[in-house]
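Notes to accompany the following structure.
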Amino acid sequence: AATNRPDVLDPALLRPGRFDRQVVVGLPDVRGREQILKVHMRRVPLAPDIDAAIIARGTPGFSGADLANLVNEAALFAARGNKRVVSMVEFEKAKDKIMMGAERRSMVMTEAQKESTAYHEAGHAIIGRLVPEHDPVHKVTIIPRGRALGVTFFLPEGDAISASRQKLESQISTLYGGRLAEEIIYGPE
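The opening position of the sequence shown corresponds to residue 1 in the UniProt record's numbering, with each subsequent residue numbered one higher.
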C-alpha cells in the first residue's frame, strides 16, 4: 500500500504482522531529476541545445511526475509553435507555467500598474543580488501569472538540505525588497 499521508493512517494498520515496514521515498535530488528527465526526454525530439543538467538544477522539489509533466508541457509548447524539436525555450516556458502558474495574458494592466510591478520585481532582484548567500537571479517578469502580477525567480545552485541563518535572513530581505523599491520610488503609503 502507498500513501502520501502516513500521519492519518489507523495505528492498527501499522502493527507488526500487517504493514509493519515503512519505506519513505523522497523527492529526487538534482542527479535523480537529471536521470528522470533523460528517461522522459527519449520520447520527444530534442534540439541540440537541450541540457538536462541545467533543467534539473532549475527544478528543485519536482517529483518524477512533475518532471514527466514538464517534458510533456515543453513538447506541447513546441507543437503549438509548429516546431519539429523541443528546445530550451520550450522547457523554460513549461517550467514557468508549472512553477509560477499559467500566463494571464487576458489580464489588462495599466501602464502605471506595469511600472509599479516592474519596480517591485526589480526590488526583489536587486536585494537578492546584493545580500550574501542568496541564490542567483534567474528570471524577472511582469507578465501576470497565477495570482501574481510579476515574478522574480531565483535559480538554486544545488539542492538545499538545510539553510544557514544568514541565508534565511537574505531570503527574508529579498521578500521585503519589492515593497522597499516601491517605497523608494513612490514614497510611503
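Ideal Cβ positions, reconstructed from N, Cα and C, are used throughout, including at glycine.
1) Could you confirm whether any beta carbon from chain D is found closer than 8 Å to the beta carbon of A2?
2) H134 by DSSP, collapsed to three states: which one?
3) Out of curiosity, what's the CA-to-CA distance linking S164 and R43?
4) Under DSSP, the beta strand (DSSP E) around F91 begins and ends at which residues?
5) If you pair each beta-carbon of the stretch 174 to 183 with each one of the stretch 119 to 130, do three or more pairs fall below 8 Å?
6) Which runs of the beta strand (DSSP E) spanning at least 3 residues fall entirely within the stretch 10 to 58, listed in chain order?
7) May I ask you to list the residues that DSSP assigns as paired with K114?
8) Touching or not, the stretch 61 to 76 and the stretch 108 to 115, by the rule of three or more beta carbon pairs under 8 Å?
9) So, E133 versus S173, is the Cβ gap smaller than 8 Å?
10) Which same chain residues, not among the five before or five after K38, have their C-beta less than 6 Å away from its C-beta?
11) Could you check what DSSP says for K139 in three-state terms: helix, strand or coil?
To lay it out plainly:
1) Looking at the structure shown, chain D is missing, and only one protein chain is on hand.
2) By one-based count along the sequence shown, residue 134 stands at place 134. Reduced to three states, the DSSP call for H134 is coil.
3) Position 164 of the sequence shown, counted from the first residue, corresponds to residue 164. Position 43 of the sequence shown, counted from the first residue, corresponds to residue 43. Taking the straight line joining both Cα atoms gives about 40 Å.
4) If you number the sequence shown from 1, residue 91 lands on position 91. Per DSSP, F91 lies in no beta strand (DSSP E); the unbroken alpha helix (DSSP H) holding it starts and ends at 88 to 100.
5) Yes, the stretch 174 to 183 is in contact with the stretch 119 to 130.
6) DSSP runs (the beta strand (DSSP E)) wholly in the stretch 10 to 58: none.
7) The residue given as residue 114 occupies position 114 in the sequence shown. DSSP lists no bridge partner for K114.
8) As far as the Cβ criterion goes, the stretch 61 to 76 does not touch the stretch 108 to 115, which means the pair count is below three.
9) Residue mapping note: residue 133 aligns to position 133 of the sequence shown, counting from 1. Residue mapping note: residue 173 aligns to position 173 of the sequence shown, counting from 1. Against a cut-off of 8 Å, the Cβ pair of S173 and E133 comes out as no contact.
10) Position 38 of the sequence shown, counted from the start, is the residue given in the question as residue 38. So the list reads A52, once near-sequence residues are dropped.
11) Mapped onto the sequence shown, residue 139 falls at position 139. Under the three-state reduction of DSSP, K139 is assigned to strand.
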